[in-house]
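Residues in the sequence shown are numbered consecutively from 190, following the working numbering.
Even for Gly, the Cβ is constructed at its ideal location relative to N, Cα and C.
Just so it is clear, the structure is predicted and the values come from calculations on it, not from any experiment.
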Amino acid sequence: MPIQNRIAKFYDDMKSWRHYFHEHPELAYKEINTSKKVVELLKNFNVDNIETGIGGTGVVAVIENGSGKTLGLRADMDALPIREENNKPYCSKNAGVMHACGHDGHTTMLLGAAKYLAESRKFKGKVVLIFQPAEEGFAGAKAMIDDGLFQKYPVDEIYGMHNMPNLQSGMLAVEEGPRLAAADNFDIEIIGKGAHGAMPSNSIDPIVCGSAIVQNLQHIVSRNSNPKETLVITVASFHSGNANNVIPKTAKLNGTIRYYNDEIGKMVRKRFYEVVNNTCQTFGAKPKISFKKGYPATVNHKKQSLFAFNVAKKVNGKNSTNKQAPMMGSEDFSYFLKQVPGAFAWIGNGKSASLHNPKYDFDDSILCTGASFLATLAEEYLI
Ligand SMILES: [Zn+2]
Ligand SMILES: [Zn+2]
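See below:
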C-alpha cells in the first residue's frame, strides 16, 4: 500500500511523539501540555485551521481540499491516576499519572494520519481531526459536543479507534452493533435504627435490609430483563457497622449497571428505584439513592461499520476482522455515535498487560497501521 509506505517513513517521528506523550501524561481536563504539543505538531504539518479550548482542553484541526463531504476522526488525550510500573526510558515523569490506556498511541496515530493527509491531500472535502480530553470517566466527548463541536464543525460521519491488549498486534477489528456497554453507577444509603446487638427488636437493621437489596437487585437481571439482552448489575461495596455487639444505624452500598440497549437501561433504572424503595419500606428503613447515568453504549452504525471493515481489509488484508466479541467496558465515543453515523474500531496491541494496568504500554509497532487506517478512511470516504 502506498499510504502505508509513506506513513512508514514517519515511524521514527511518530515513535518519538508517542514517547513524549507517554513521558508527560496528564489527567482529564488537565491535558494542557499535551494539547500544546498536539497544536505545535499540527502547525508543522500545515493543516488549514486549528482551534483550541473546545470542551476544556480539546483541540480541533481541519484539513481541506476543495468541496465535498466532511469526515470526523477522533483521538483521546488523557491519562489515568496510576503509578507506572514499567522500566522504560520514556516512563511517566508525572508521578502517579500514567498513559495506561494507550491514549498516547491514539493521539500519535491521529497525528500521523494528519501529517500524511495535510501533505498528500488526495481527497475531496474536509477532514476534521478531533483531539478530545477526559475520556476516562469525565465525558470529554460530551463536553466538546456541548461546547458546539458539531455546530462549528459539522461532520457527515465519524470514526475512532482504541487499542486492545492481547488482540494480535496491528489487527484491525470493526463490526456493526454494540461494541461497548453503557455504564450507570449508584450509591445507596440505608437509614435504619441502631440498637444493642442482643436486642434486635429495638432496631431497624440496615445490614439485613441491605442484604435483601443485594439479592433483590439480581432479580432485575434474572426476571425483568429479556434473557437475550445483556445486563450486569454489580453491588461492588457494602459498608456498615464496626462492633460485634452493635446493630448500626446505617449501611452504604454502591455499584454499577452495564447494558447495551437504551430500553433495558430505562427499565433497569425504574426497577432499581422500585426495588430499593420497596425493600427499604418492607424493613421500615429509609433509603437515600444517588443514581448516576454514565456513558451510553457504544453502538456502531451498520453502513459505516461495513465501510470501515472494507478499509481495514484494504490497509491490512487478512489482519482484519469483523468477528470481535463486544465488551462490557465503556467509552465516551458513544456520545459522538449518538449524533453522527460512524464506527469505533479496535487495533490489536499484541501481547501486553491489560488496559489500566500499571505495567501496560502501547505497542509502537502498530502506529503506522493505525495511522494508515485513519488516513485511508478519509481517502476512501472523501472521493
Ligand atoms: Zn481507559
Ligand atoms: Zn481508553
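Within 7 Å: the Cβ of glutamate 220 and any heavy atom of ligand 2?
Not so, every heavy atom of ligand 2 lies at least 7 Å from the Cβ.
For tyrosine 342 and aspartate 336, the rounded distance between their alpha carbons
One C-alpha to the other measures close to 11 Å.
So what's proline 437 in DSSP terms, helix, strand or just coil?
In the three-state DSSP reduction, proline 437 falls in the coil class, being neither helix nor strand.
Out of curiosity, what's the CA-to-CA distance linking alanine 197 and serine 561?
The alpha-carbon separation between alanine 197 and serine 561 amounts to approximately 9 Å.
Considering only residues of the same chain and omitting the five flanking positions on each side of alanine 372, which have a CB-CB separation below 7 Å?
Once the five neighbours on either side are set aside, the close Cβ partners of alanine 372 are Thr445, Arg447, Gly483, Tyr484 and Ser519.
Which residues have their C-beta within less than 7 Å of a heavy atom of ligand 2, listed in chain order?
Residues with a Cβ closer than 7 Å to any heavy atom of ligand 2, in chain order: Asp265, Cys290, Gly291, His292, Glu324, Glu325, His351, Glu520 and Leu544.
Kindly indicate the opening and closing residues of the alpha helix (DSSP H) around tyrosine 524.
Counted as a single uninterrupted DSSP element, the alpha helix (DSSP H) harbouring tyrosine 524 occupies residues 522-528.
Alpha carbon of glycine 399 to alpha carbon of isoleucine 478, nearest angstrom
Each residue's Cα considered, the two are about 13 Å apart.
Residues sharing a beta bridge with valine 316, DSSP:
The partner list for valine 316 (beta bridge, DSSP) reads Ile252 and Leu260.
Tyrosine 462 lies in the beta strand (DSSP E); which residues open and close that run?
No beta strand (DSSP E) contains tyrosine 462, which is instead part of the alpha helix (DSSP H) from 451-472.
Residue interval of the alpha helix (DSSP H) (run including phenylalanine 204):
The sequence as given places lysine at residue 204; phenylalanine does not occur at that position. Its alpha helix (DSSP H) spans residues 200-212.
Cα-Cα separation between arginine 458 and alanine 328, rounded to whole angstroms:
Spanning the two alpha carbons is a distance of roughly 20 Å.
Is the beta carbon of leucine 216 within less than 7 Å of some heavy atom of ligand 4?
Here the bound small molecules are ligand 1 and ligand 2; ligand 4 is not part of this structure.
So does the segment 524-539 actually touch the segment 362-378, counting three or more Cβ pairs closer than 8 Å?
Segment contact: the segment 524-539 against the segment 362-378, three or more CB-CB distances shorter than 8 Å; contact assigned.
Can you tell me which of the three DSSP states alanine 486 falls into?
Alanine 486: coil per DSSP, three-state reduction.
For alanine 497, count neighbouring C-beta atoms within 10 Å of its own C-beta (all shown protein chains included) and say buried if the count is 16 or more, exposed if not.
Residue burial annotation: alanine 497 is buried, with at least 16 other C-beta atoms found within 10 angstroms of its C-beta.
Compare the beta carbon distance of glycine 349 and isoleucine 436 with 8 Å and say whether it is the shorter of the two.
Going by beta carbons, glycine 349 and isoleucine 436 fall outside the 8 Å limit.
Cβ shell of lysine 548 (< 7 Å), same chain only, five flanking positions each side left out
Around lysine 548: Glu274, Asn275 and Ala542.
Whole-angstrom Cβ separation of glutamate 212 and tyrosine 279, contact assumed at under 8 Å?
Separation of the CB atoms of glutamate 212 and tyrosine 279 is rounded to 5 Å, and the pair is thereby assigned contact status at 8 Å.
Under DSSP, the beta strand (DSSP E) around isoleucine 379 begins and ends at which residues?
371-380 is the extent of the beta strand (DSSP E) around isoleucine 379.
Measure the C-alpha to C-alpha separation of asparagine 511 and proline 395 and round it to an integer number of angstroms.
Distance from the CA atom of asparagine 511 to the CA atom of proline 395, rounded to whole angstroms, is 49 Å.
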